[in-house]
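Residue numbers (my numbering), protein chains in the order written: chain A, 3 to 371; chain B, 42 to 523. Don't be surprised by glycine CBs; every beta carbon is placed ideally from N, CA and C. Input: a single structure, listed below in structure tokens.
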Amino acid sequence: MLGIIRQKVGAGGASLLRTRSAVSALRSYSSAGKEMTVRDALNSALDEEMSADPKVFLMGEEVGEYQGAYKISKGLLEKYGPERVLDTPITEAGFTGIGVGAAYHGLRPVVEFMTFNFSMQAIDHIINSAAKSNYMSAGQISVPIVFRGPNGAAAGVGAQHSHCYASWYASCPGLKVLTPYSSEDARGLLKAAIRDPDPVVFLENELLYGESFPVSAEVLDSSFCLPIGKAKIEREGKDVTITAFSKMVGYALKAAEILAKEGISAEVINLRTIRPLDRSTINASVRKTNRLITVEEGFPQHGVGAEICTSVVEESFGYLDAPVERITGADVPMPYAANLERLAVPQVEDIVRAAKRACYRSVPMAAAA
Amino acid sequence: MALCMRKSPKLINHLKYRMGLFDMITPSSWNSTSSHHQEFPVTAPIAHTLGNPDADLSVKATLFSACRFKSTKPEKQLNSLNDADDNKVLDFPGGKVRFSPKMTFISESPEERTQCYRVLDDNGQLILGSNLVQVGKELAVKMYTDMITLQTMDTLFYEAQRQGRISFYLTTIGEEAINIATAAALTADDHVFPQYREPGVLLWRGFTLQEFANQCFVNKADHGKGRQMPIHYGSNKHNYFTVSSTIATQLPHAVGAAYALKMDRKDACAVTYFGDGGSSEGDFHAALNFAAVLEAPVIFICRNNGWAISTPTSDQFRSDGVVVRGSAYGVRSIRVDGNDALAIYGAVHAAHKMAITEHRPILIEALTYRVGHHSTSDDSTKYRSVDEIEWWKLAQDPVTRFRKWIESKDWWSSEAESEFRSSVRQQLLHAIQVAEKAEKPPVADIFTDVYDAPPSNLHEQEKLLRETIRRHPRDYPSDVPA
């Protein structure tokens with residue numbers, strides 16, 4: 003540890019400051035061009051919400067003493083104590099049920115799954131206890147709980163650690179499903195999720211934790227909050243709409259850069275919320291560009307792209323100039339070998355090619371077969 | 042090993058004992074011990090001992106060391122060395138553990154099953170020498186009348202289902218004492234997480250007969266807004282969480298709520314009910330384990346009624362019921378006669394105090410019998426004998442037993458009995474009539490409460506539905522209020 007710090011000092015004073023907590027580090031920065039990693043964004047959001055409301059508490063495996071399996075909850079145990087940051091035994095079914103019970107009574111738990119793959123062991127409580135309780139009890143039992151953790155593919159972790167659950171949870175009425183991309187998304191949406199009276203599934207991405215994004219002073223303010231159910235247009239364009247969420251937003255933006263050089267102006271929509279889906283933003287964009295590509299890492303059947311495509315067909319059919327294409331992960335459990343894994347998830351080139359097909363700049367896949 | 046020897050003289054003594062050389066080696070000469078060790082043939086005799094499966098290894102080891110070395114030690118002396126010698130304890134992660142050279146397996150079933158606490162005998166007489174929590178006249182009479190009410194409600198609603206007037210019902214016949222006596226020992230602030238065979242708890246707390254009927258007949262006045270099957274009662278006001286069909290999911294919920302109560306420093310606990318079948322669920326394990334670790338004030342009440350639909354307890358588990366599992370999790374437990382209302386009252390009363398003042402979970406296993414069928418969808422004569430059912434119904438009826446006790450105290454009489462029974466029957470019939478005639482829940486109730494505030498897509502769906510009903514009224518039932 004000391005060796006690392008020494009190296010960072012050599013690199014420059016600013017790097018050393020990053021080893022401290024996000025809030026104190028940022029205060030010592032000068033005014034313009036603040037950046038924040040997604041990890042720090044989540045940590046600061048948790049910290050601020052726990053500070054503002056004593057009913058908020060964090061629960062999960064390794065969240066306390068270990069500072070979080072991915073260090074998202076770093077420093078929180080020390081600051082808030084073991085009554086508000088609970089290290090749980092290894093039982094997702096158990097601690098999810100307990101979190102729901104605590105929420106029934108009026109606390110606001112934030113339940114962390116080490117990855118959402120493990121939430122499968124608790125899915126009964128998420129669906130049957132959390133999602134449906136308000137409805138089944140006719141409004142008498144509300145469940146202000148947040149389930150969060152990394153979702154989807156990481157790197158080289160195989161089939162049981164790479165599944166994307168966005169469409170699983172988004173199909174269930176009673177749940178809200180959020181998928182942040184940038185640090186601004188992470189802060190704003192996590193705060194909104196914790197403050198929301200309904201159960202929220204908050205799908206993060208392990209590979210995004212270490213990525214840095216610029217954040218404005220407004221984003222850093224402790225009252226900052228993003229609206230749930232509102233997508234963001236990350237890049238405006240006029241020729242083709244590309245919808246994406248989580249890590250794929252970054253890929254879509256890179257694809258848009260490449261397409262711009264070839265004269266195709268792509269509009270990139272960062273969905274931010276999967277349920278409720280911001281159908282009006284998506285449809286407004288398609289009515290402008292007349293072409294749509296949906297991008298997701300998860301499996302194709304019954305995926306997010308399928309829902310978006312149906313929404314556009316239902317509401318904006320007449321505006322489409324080309325069939326909607328969905329870019330998804332391959333319909334196989336995630337392989338481990340690095341070369342196979344690369345082929346099993348969407349890459350920037352896949353998005354570029356699809357956009358070109360939609361713009362009739364290349365032969366459609368079916369015709370080429 | 043050498044380093045350890047230097048640090049601990051106690052360890053040296055231990056080794057000396059093992060080698061039977063207690064008198065012969067002094068600390069200063071320990072270096073020579075290691076060379077001594079090599080002189081003796083160790084492997085062959087041990088192999089001989091291990092090869093014989095019937096060998097009492099500890100005895101063999103003693104004899105072996107006695108034969109190997111010149112000194113002989115009588116067994117008595119060895120034992121005293123064991124006790125005095127605290128080298129035999131090691132501080133493992135998790136705490137100190139005492140070693141033993143005797144290989145003993147903990148038996149899979151105890152010689153005698155855990156005893157069952159009861160204070161009233163089969164004839165409703167107080168058993169001599171019982172430690173009992175006193176119950177006064179008012180409380181006892183309320184307990185008894187609520188048991189009759191529950192019985193009557195069960196009979197009439199069951200009949201209503203058979204007549205096709207409600208779709209489903211399940212009774213608590215045989216478990217009236219568990220329902221009412223547990224409720225009587227709790228306070229209104231205690232949060233109840235039921236399974237589904239505990240409407241008596243809600244009855245005790247003041248849920249009216251009309252409210253029960255409204256839920257079963259699913260009318261506009263139903264607190265559940267018509268969302269759930271019959272018997273899925275729930276009431277925020279009475280701290281009774283809405284019944285959920287999934288088995289045992291309420292157990293970790295109760296622990297979570299208990300934790301919340303503890304954090305809020307409330308003078309109340311969480312109470313949760315489940316059956317013998319529910320104890321097999323993963324949630325049971327997680328809940329008890331967590332409750333012990335979190336030190337949550339929660340009372341787990343198991344209604345071990347012998348049957349989980351058609352599965353008898355012999356196919357459900359092989360442990361001595363559910364009570365023994367408590368200690369496996371570090372949870373204080375008691376087994377109680379589930380048909381003895383006074384015993385149940387006493388046990389829950391004590392558990393309540395312990396849970397709140399000591400911040401600990403308590404497990405109560407109430408042994409009883411499910412006299413009725415699992416539900417109206419079941420005919421239990423298909424998997425158990427009618428004689429068995431009849432015996433429990435007549436010989437062990439908790440209501441009769443309690444009646445005998447309160448009558449012996451002159452707090453009740455047969456006139457009071459027939460008067461009360463006919464009165465409550467009339468009230469129930471009236472409630473059923475009113476509930477049946479009442480309007481059904483409105484269309485708007487399909488769309489509310491999915492979320493805290495209805496999202497736009499549900500507003501649109503509701504608009505669309507109303508439009509469709511308006512345009513095609515003949516396709517929709519006439520009693521659907523718009």
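Nearest to residue i by CA position, among the options, is which residue?
| i | options | result |
| --- | --- | --- |
| A:D187 | A:P201, A:A157, A:I230, A:C166 | A:I230 |
| B:C157 | B:V491, B:G371, B:R376 | B:R376 |
| B:R159 | B:S148, B:A218, B:Q192 | B:A218 |
| B:A369 | B:P353, B:F331, B:A391 | B:F331 |
| A:K234 | A:E206, A:I128, A:T275 | A:T275 |
| A:I353 | A:A339, A:I329, A:I129 | A:I329 |
| A:F97 | B:V334, B:R206, B:F282 | B:V334 |
| A:S214 | A:K249, A:F115, A:K290, A:S224 | A:K249 |
| B:Q204 | B:D520, B:T417, B:S464, B:P482 | B:T417 |
| A:L78 | A:G66, A:Y72, A:T245 | A:G66 |
| B:A226 | B:Y199, B:V389, B:Q291 | B:V389 |
| A:V315 | A:G108, A:V334, A:I284 | A:I284 |
| A:P182 | A:T39, A:M336, A:R344, A:P337 | A:T39 |
| B:G574 | B:P353, B:I405, B:D520, B:H232 | Missing from the structure shown is residue 574 of chain B; chain B here goes from 42 to 523 and no further. |
Strictly by DSSP, which residues pair up with residue i?
| i | result |
| --- | --- |
| B:W348 | B:P353 |
| A:M138 | In DSSP, A:M138 forms no bridge with anything. |
| B:R246 | Beta-bridge pairing links B:R246 to no other residue. |
| A:L60 | A:V87, A:V112 |
| A:V202 | A:V148, A:K178 |
| B:T313 | B:F234, B:F341 |
| B:G136 | B:F133 |
| A:K234 | A:N272 |
| A:M38 | A:F215 |
Roughly how many angstroms lie between the CA atoms of residue i and residue j, to the nearest whole one?
| i | j | result |
| --- | --- | --- |
| B:E544 | A:E299 | As shown, chain B starts at 42 and ends at 523. That puts residue 544 of chain B outside it, with no answer to give. |
| A:E269 | B:L505 | 32 Å |
| A:L273 | B:V364 | 52 Å |
| B:R507 | B:K478 | 24 Å |
| A:L279 | A:K232 | 8 Å |
| A:L294 | A:F204 | 26 Å |
| B:Q236 | A:A286 | 49 Å |
| B:M414 | B:V339 | Checking the displayed sequence, the identity of residue 414 of chain B turns out to be His instead of Met. Between B:H414 and B:V339, the C-alpha separation is close to 30 Å. |
| B:D381 | B:G387 | 10 Å |
| B:P402 | A:I271 | 51 Å |
| B:I524 | B:A436 | Here chain B comprises residues numbered 42 to 523, so residue 524 of chain B is not present and cannot be evaluated. |
| A:A54 | A:E80 | 17 Å |
| A:S121 | B:S148 | 37 Å |
| A:A339 | A:F118 | 22 Å |
| B:S276 | B:T283 | 7 Å |
| A:D323 | B:R512 | 35 Å |
| A:L88 | A:Y82 | 10 Å |
| A:V102 | B:G319 | 19 Å |
| A:A161 | A:A95 | 21 Å |
| A:A346 | A:G141 | 43 Å |
| A:Y211 | A:Y68 | 17 Å |
Going along the chain, which residues of its own chain have a beta-carbon closer than 6 Å to the beta-carbon of residue i, five neighbours each way excluded?
| i | result |
| --- | --- |
| B:I447 | A181, Y185, W453 |
| B:D162 | I168 |
Take residue i and list the residues in its own chain whose beta-carbon comes closer than 8 Å to its own, dropping the five residues that flank it on each side.
| i | result |
| --- | --- |
| B:V475 | Q251, A254 |
| B:K423 | S351 |
| B:W361 | Here residue 361 of chain B turns out to be Asp, not Trp, going by the sequence shown. Taken in chain order, the residues that qualify are S150, P151, R154, T155. |
| B:D486 | K266, G267, R268 |
| A:V348 | Strictly speaking, residue 348 of chain A in this sequence is Pro, with Val absent from that position. For A:P348, where only same-chain residues beyond five positions count, the Cβ hits under 8 Å are M250, Y253, V297, E298, E299, I329, T330, G331. |
| B:R462 | I189, T193 |
| B:Q502 | F488 |
Enumerate in chain order the residues of its own chain whose CB-to-CB distance from residue i is below 7 Å, with the five nearest sequence positions on each side excluded.
| i | result |
| --- | --- |
| B:P468 | According to the sequence shown, residue 468 of chain B is Gln rather than Pro. Around B:Q468: L250. |
| A:A304 | It is His, not Ala, that sits at residue 304 of chain A in the sequence shown. Excluding sequence neighbours, A:H304 sits near S169. |
| B:D420 | H414 |
| B:G241 | D187, L191, T213, E217, N220, I221, A224 |
| B:Y300 | L335, A337 |
| B:D324 | A289, T290, L292, P293 |
Quiz item: In the stretch 263 to 290 of chain B, which residue ranges form an unbroken alpha helix (DSSP H) of at least 4 residues, counting only runs that do not cross its ends?
Solution: none
Quiz item: Mind pulling the beta strand (DSSP E) runs of 3 or more residues that sit fully within the stretch 239 to 308 of chain A?
Solution: 242 to 246, 268 to 272, 275 to 277, 294 to 297
Exercise. Enumerate, from N- to C-terminal direction, the unbroken beta strand (DSSP E) stretches of 3 or more residues contained entirely within the stretch 370 to 438 of chain B.
Key: 373 to 378, 403 to 408
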